[in-house]
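A.B. asks: Below: one structure in structure tokens.
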Amino acid sequence: MITLSINGLPFETVRIDTANGRRLHGWLIPPATGTALPWPTLIVLHGWGGNAAMMLPLARPLCEAGFASLFFDARCHGASDNDSFASLPRFAEDAEHAMQWLPRRAEIDARRIGLIGHSVGAGAVLLVASRRPEVAAVVSVAAFSHPAAMMRRWLSQKRIPERPLGRYILGYVQDTIGHRFDDIAPVATIARVNCPVLLVHGADDDVVPLGEAQQIGAARSHEAVELLVLSGDHDSFAD
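Add 57 to the 1-based position in the sequence shown for the working numbering, that's all there is to it.
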């Protein structure tokens, strides 16, 4: 263990094997001194174009709350290996490989591994939880309800008409990533999640409207899904 230059927290730099022979770069941060072994652990996943360092404001609160935390860069981001492309499903693949790696550590409690994700990372952790029953809990920060809605906003900003060019782009992206948007959309995956879920959203988010978090919450499969609305925008997730 050495000391981070931010917040003075101890950490271990780790490398984690993921799909397509790639490796992920991450930091494993232990909980506060005196936390009983084995440790409950949270995997923290950044958003599109981000990296693990951008999520570090969460490190000290998690540490003081008694959680170990694994911050990692998704493929094509930060110090992790590049791949042919990045996508929400590939973010999810990377989080799943992190989940498989953690129980190999004797200090980690394999029965208490949860996930925190921001934006695209939030959609990814919901996708992971929808297909891995061992996920203990999920915190989804600023998730969009459906990839197509997010892409339509982008097309509108670029003044690209939905017909015919926009529809062609949406179809091309789905073919490239190998998944239908309807299958990986948070508004769909939340209905297949059985663990507790906290949806966090900024009241002033102008990237993903608050209404999309409300749509996700309304599609839940059980009552252990809570929506927490905070002041702030799309990237004000630290509080």
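Note that the Cβ used here is the ideal one computed from N, Cα and C, for glycine as well.
Any chance the region 187-204 sits against the region 252-261, with 3 or more Cβ pairs inside 8 Å?
C.D. replies: At 8 Å Cβ cutoff, the stretches touch.
A.B. asks: With 16 as the cutoff for other CB atoms within 10 Å, does ASP151 come out buried or exposed?
C.D. replies: Indexing the sequence shown from 1 puts residue 151 at position 94. Classification for ASP151: buried.
A.B. asks: What would DSSP say about VAL230, mapped onto helix, strand or coil?
C.D. replies: Position 173 of the sequence shown holds residue 230. Looking at VAL230 - three-state DSSP - the assignment turns out to be helix.
A.B. asks: If I measure Cβ to Cβ from ASP171 and keep anything under 6 Å in the same chain, skipping five residues before and after, which residues do I get?
C.D. replies: The sequence position of residue 171 within the sequence shown is 114, counting from 1. In the sequence as displayed, the identity of residue 171 is Gly instead of Asp. Same-chain partners within the cutoff: LEU99, ALA193 and ALA194.
A.B. asks: Tell me the DSSP secondary structure of SER187 in three-state form.
C.D. replies: Along the sequence shown, one-based indexing puts residue 187 at 130. Helix at SER187.
A.B. asks: Look at the alpha carbon of ALA93 and the alpha carbon of ARG224, and state the distance between them as a whole number of angstroms.
C.D. replies: Translated into the one-based positions of the sequence shown, residue 93 becomes position 36. Translated into the one-based positions of the sequence shown, residue 224 becomes position 167. Answer to the nearest angstrom: the Cα atoms are 53 Å apart.
A.B. asks: Would you call the CB atoms of SER141 and LEU81 closer than 7 Å?
C.D. replies: As a first step, residue 141 must be located in the sequence shown, where it is residue number 84. As a first step, residue 81 must be located in the sequence shown, where it is residue number 24. No, the Cβ-Cβ distance between SER141 and LEU81 is not below 7 Å.
A.B. asks: Quick one, are the C-beta atoms of GLU121 and ALA149 less than 7 Å apart?
C.D. replies: Sequence index remark: in the sequence shown, residue 121 carries index 64 (1-based). Sequence index remark: in the sequence shown, residue 149 carries index 92 (1-based). The answer is no: Cβ separation not under 7 Å.
A.B. asks: Given a threshold of 16 other Cβ atoms within 10 Å of its Cβ, counted over all protein chains shown, does ASP130 qualify as buried or as exposed?
C.D. replies: For the purposes of this step, residue 130 is taken as residue 73 along the sequence shown, with counting starting at 1. So ASP130 ends up on the buried side.
A.B. asks: With a threshold of 16 other CB atoms inside 10 Å of the CB of GLU269, please say whether the residue is buried or exposed.
C.D. replies: Here the question's residue 269 lines up with position 212 in the sequence shown. It is buried - the Cβ of GLU269 has at least 16 other Cβ atoms within 10 Å.
A.B. asks: Bridge partners of ALA125, per DSSP?
C.D. replies: Reading the sequence shown from its first residue, position 68 is the one you call residue 125. ALA125 pairs with THR98.
A.B. asks: When the Cβ atoms of the region 202-220 are set against those of the region 260-276, are three or more pairs found closer than 8 Å?
C.D. replies: These segments touch.
A.B. asks: Is the number of C-beta pairs between the region 214-229 and the region 279-290 that are closer than 8 Å three or more?
C.D. replies: As far as the Cβ criterion goes, the region 214-229 does not touch the region 279-290, which means the pair count is below three.
A.B. asks: Given a cut-off of 7 Å, decide if LEU115 and LEU85 are closer than it, judged by their beta-carbon atoms.
C.D. replies: As a first step, residue 85 is located in the sequence shown; it is residue number 28 there, counting from the start. As a first step, residue 115 is located in the sequence shown; it is residue number 58 there, counting from the start. Not closer than 7 Å, so no.
A.B. asks: For a test of the three-state rule: what should DSSP assign to PHE239, helix, strand or coil?
C.D. replies: Taking the sequence shown and counting its residues from 1, the one referred to as residue 239 is at position 182. Rather than Phe, the amino acid found at residue 239 in this sequence is Asp. In the structure shown, ASP239 sits in a helix (DSSP, three-state: H, G or I).
A.B. asks: Starting from ARG80, trace the alpha helix (DSSP H) both ways and give me its first and last residue.
C.D. replies: Translated into positions along the sequence shown, residue 80 becomes position 23. Unbroken run through ARG80 is the beta strand (DSSP E), 80-86; no alpha helix (DSSP H).
A.B. asks: Mapping the DSSP letters down to three states, classify ALA276 as helix, strand or coil.
C.D. replies: Position 219 of the sequence shown, counting from 1, holds the residue named residue 276. Three-state DSSP puts ALA276 in coil, outside helix and strand.
A.B. asks: Where do the N-terminal and C-terminal ends of the alpha helix (DSSP H) with HIS154 fall, by residue?
C.D. replies: The residue given as residue 154 occupies position 97 in the sequence shown. That run of the alpha helix (DSSP H) goes 145-158.
A.B. asks: CB-CB under 6 Å to ASN139, same chain, minus the five flanking residues each way: which ones, in chain order?
C.D. replies: Translated into positions along the sequence shown, residue 139 becomes position 82. Cβ within range, chain order: CYS133.
A.B. asks: Which whole runs of the beta strand (DSSP E) in the region 173-223 are 3 residues long or more, in chain order?
C.D. replies: For the region 173-223, whole beta strand (DSSP E) runs of length 3 or above, ordered along the chain, are 195-198.
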